[in-house]
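In the numbering used here, the protein residues as written are -16 to 156.
Virtual Cβ for every residue (Gly too), placed ideally from N, Cα, C.
One structure below.
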């Protein structure tokens, strides 16, 4: 029986699995985003998030503990310098898994796993969306939009003659 055996063995021996997860964690720390299968990404998430939490406290002991897992000096430097600074105020959830679809060759589900604070495209979409909808607010937004467009349309017209004037003076001389 498999009682209380929760982690995925990924079809590998223990030594192969630990080496693979360490290599994937190093790649994730160095490149901030890697492409892999969903099963490996979920296993990697459980492997790397405690290491990132440990890196928040920059002490000799925490560096040695993380080094015992990763065995790569450059990855340790990157983790304790740039990654820990970005995630210092975050209480957890340092990685994000984005599913991409199915791989052509073996029909495995493929995904991105990335460090959350290092993707500038996702950071742009952090606007708070209102959940209430009112009929009164829609006309105000529509009335404000044409006024803003008219202001933008008038601004370039005023700037264009100012740019041409110095050029004409240079030709006259």
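Inset, instruction - Could you tell me which residues DSSP puts in a beta bridge with residue 16? - result: Beta-bridge annotation (DSSP): residue 16 is paired with 97.
Legend entry - Own chain partners of residue 30 with C-beta closer than 7 Å, once the 5 adjacent residues on each side are dropped: The residues are 4 and 8.
Inset, instruction - Could you please give the first and the last residue of the uninterrupted alpha helix (DSSP H) stretch that includes residue 23? - result: Its alpha helix (DSSP H) spans residues 21 to 38.
Legend entry - residue 78 in three-state terms, based on DSSP: Correct three-state label for residue 78: strand.
Legend entry - Status (buried if at least 16 other CB within 10 Å, exposed otherwise) for residue 81: By the 10 Å Cβ count, residue 81 comes out exposed.
Inset, instruction - Determine the burial state of residue 96: buried for a count of at least 16 other Cβ atoms within 10 Å of its Cβ, exposed for fewer. - result: Under a 10 Å Cβ-count criterion, residue 96 is classified as buried, with 16 or more other Cβ atoms of the shown protein chains found around its own Cβ.
Legend entry - For residue 53, the three-state DSSP class (helix, strand or coil): If DSSP states are grouped into helix, strand and coil, residue 53 belongs with the helices.
Inset, instruction - Let me know if residue 85 comes out buried or exposed under the rule of 16 or more other beta-carbons within 10 Å of its beta-carbon. - result: Exposed is the call here.
Inset, instruction - Tell me, please, whether the region 55 to 69 touches the region 19 to 29 by the rule of three or more beta-carbon pairs shorter than 8 Å. - result: In short, these stretches do not touch, since the Cβ pair count stays below three.
Inset, instruction - Measure the alpha-carbon distance for residue 143 versus residue 90 and round it to whole angstroms. - result: Caution is warranted here: a pLDDT of 47 is assigned to residue 143, below 50, making its placement in the model unreliable, and the coordinate value is therefore given only provisionally. Distance between the alpha carbons of residue 143 and residue 90: 57 Å.
Inset, instruction - For the region -10 to 2 and the region 69 to 80, state whether three or more C-beta atom pairs, one from each stretch, are separated by less than 8 Å. - result: The region -10 to 2, when compared against the region 69 to 80, does not touch it at the 8 Å Cβ threshold.
Inset, instruction - Give the DSSP-derived three-state secondary structure of residue 83 in the structure shown. - result: Annotated three-state conformation of residue 83 is strand, per DSSP.
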